[in-house]
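**Student:**
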Amino acid sequence: GRRQEEILPESSTFPKLSSQHILTLPKTDDGKEETSIFIPPTISYISNFLPPENNFYQYLHQIFLRDKSIPIEWVALKHAKRRVALFDAKEHPLPRWLKVLCDALVSAGVFDQSHRPNHVLINQYNAGEGIMPHTDGPEYFSKTATLSIGGSVLLKFSPRLLASEIGVKTSGTMCEVLLEGGSLVIFEGEAYSEHMHGIDECAHEIASTMKCVNLRMLCAKKSNNPTASSGVDEMLQEVYRSERVSLTFRHKK
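Okay, so the sequence shown: first residue is -9 according to the numbering used here, each after it adds one.
1. In whole angstroms, what separates the C-alpha of Ile(-3) from that of Lys68?
2. Measuring alpha carbon to alpha carbon, tell me which of Asn113, His82, Ala135 and Glu224 ends up nearest Gly99.
3. I think Leu55 touches Glu233, with their Cβ atoms under 8 Å apart; what is that distance to the nearest whole Å?
4. Would you kindly check if the distance between the Cβ of Phe101 and the Cβ of Pro30 is under 8 Å?
5. For Arg106, which residues in the same chain have their Cβ closer than 7 Å to its Cβ, ignoring the five residues on either side in sequence?
6. Just verifying my parser: in three-state terms, what is the DSSP assignment at Met207?
7. How is Ala135 classed by DSSP in three states: helix, strand or coil?
8. Give me the Cβ distance between Leu144 and Ala197, rounded to the nearest whole Å; I'm assuming they're in contact under 8 Å.
9. Within a Cβ cutoff of 8 Å, which residues of the same chain sit near Tyr47, ignoring the five residues on either side of it in sequence?
10. State the start and end residues of the unbroken alpha helix (DSSP H) segment that holds Asp93.
11. For Gly141, tell me which candidate among Leu76, Tyr130, Val90 and Gly120 has the shortest Cα-Cα distance.
12. Look at Gly188 and Pro128 and say whether their C-beta atoms are less than 8 Å apart.
13. Considering only C-alpha positions, which residue in the set Ile12, Glu184 and Glu166 is nearest to Leu205?
14. Nearest by alpha-carbon distance to Ser2: which of Leu84, Val90, Trp64 and Tyr35 is it?
15. Excluding sequence positions up to five away, which residues of its chain have a Cβ less than 8 Å from the Cβ of Glu191?
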């Protein structure tokens, strides 16, 4: 409708992906890398890809988490509480509001034009809901970009288990990424193919710089103190889970 067209942003208004967005080991006060964390290559994080004060963000927040006004074919999962919706450009043209986001991801350098996103999975999480550790599989180009709308959550990466280890061995968390509303997380390479990612099912969790690789950076931005992005003392942040929607963009082969 007219309102939707008025708020759809131009692709050029989205921040460009650069090397500064790649998550690296935090530095301690003496300039050394924090060795208690391992970050699988390559995970990138753009904290305000679509800022919460942006009209388009508020529009998406409205349609997903408030009046749910856009007719979306939600599917309730049998083995999980969350609802999902799937958009596959190979089967049906993407709606205008999703195509704008796909164009933005190409314009921002997240995806190449030759592997532009053509597959979007939307997950709707109620407060406290999560998703089991998993990989996205070989039917997609080995890159995933996820836009978060709503509450914050910790995305946890762990080593991929062999088929013979599933149900026998527990894969411990290697690192965590704090996903805030409006953020975009991108992972590719080993982070995509050799590691699982998941979200715990809980109402409350604590982010710690001992595991959360972007916590210092986010705290430094909020305090307008760049020096806060390095340090030796552990930093903690409480994360109270609320309703959240994730839009995961991939290129289906």
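Backbone N, C-alpha and C fix where the C-beta goes; we use that ideal spot for every residue, glycine too.
**Tutor:** The structure says:
1. 36 Å
2. Ala135
3. 5 Å
4. no
5. Cys92, Val96 and His241
6. helix
7. strand
8. 6 Å
9. Leu40, Pro41, Ile139, Gly171 and Gly172
10. Arg86 to Ser97
11. Gly120
12. no
13. Glu166
14. Val90
15. Gly118, Glu119 and Gly120
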